[in-house]
Ligand SMILES: [Zn+2]
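Numbering (this note's numbering), first residue to last: 564 to 823.
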């Protein structure tokens, strides 16, 4: 996965951004280790939940024409979303992280168990049942089957169903359990933060752009989210050569100013 950033250490030192664009990779731990041209080494910590990262991964794969990978990321995002929702529900019931982790271990390998846990926790917390989309497993099983390579339209259809389900539940959780969502996000940040060596300076970012819990209003449909993300991605990555040029000009100007 890739993320666009600038060096925060330069910003601290110069009192303004260096404008040097840095496009860096991150993986499972959602941590990017960067080094700017002025030699600062630092870490960038994403606060995104796993399902948000997987949704963005699906969007990237789809934009680049890798439909099989996009469908697979969508399917994983859907599964990881239930894990997130279960965590939010458990925060409402003030269950410790250790107890959640111990329990989750026993359902982690079977996504159907996780969906079952979600449905019953929803029933307990809200006092009413939640009806899951029946179309998702049907379409998902058809697409994600023995290396079948789906068309972009098939992936978009699956993406739309999964996006609508995630959006509906996110809206419900955001309106009823916003403080619990914050607690889950803070816990994620804390766990990731502990993985950065003590001496490395760090900055936190909200992370993903395709779908982000940090944004109050998500796009209404997968199609809309994909168009908006495609546009932002083009602008951001398209700006890299200009920013590189601009950052060099800023560096020369700062140096000259220092010599006056
Ligand atoms: Zn720097």
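Beta carbons: idealized from backbone N, C-alpha and C, even for Gly.
Note on geometry: alpha-carbon atoms of residue 692 and residue 716 lie some 32 Å from one another. A distance criterion of 6 Å places the beta-carbon of residue 601 in contact range of ligand 1, judged by its closest non-hydrogen atom. Within the segment 618-700, the runs of alpha helix (DSSP H) that reach at least 4 residues and sit entirely inside it are, in chain order, 630-655, 660-668, 674-689. Taking C-beta separations shorter than 6 Å and ignoring five residues to either side along the sequence, the partners of residue 766 in its chain run 571, 607, following chain order.
For residue 820, the closest C-alpha among the options 566, 577, 573, 732 is that of 577. Around the CB of residue 815, fewer than 16 other CB atoms lie within 10 Å, so the residue is classed as exposed. Residue burial annotation: residue 714 is exposed, with fewer than 16 other C-beta atoms found within 10 angstroms of its C-beta. Proximity of the beta carbon of residue 572 to ligand 1 is indicated: a heavy atom of the ligand is located closer than 6 Å.
Residue burial annotation: residue 818 is exposed, with fewer than 16 other C-beta atoms found within 10 angstroms of its C-beta.
Taking residue 631 as the centre and dropping the five residues before and after it, the same chain places the C-beta of 712 closer than 6 Å to its C-beta, in chain order. A contact between stretches requires three or more CB pairs, one per stretch, nearer than 8 Å, and the segment 678-686 fails this requirement with the segment 744-751. By the 16-neighbour rule on beta-carbons within 10 angstroms, residue 623 is buried. Annotation: the continuous beta strand (DSSP E) that includes residue 604 extends over 604-609.
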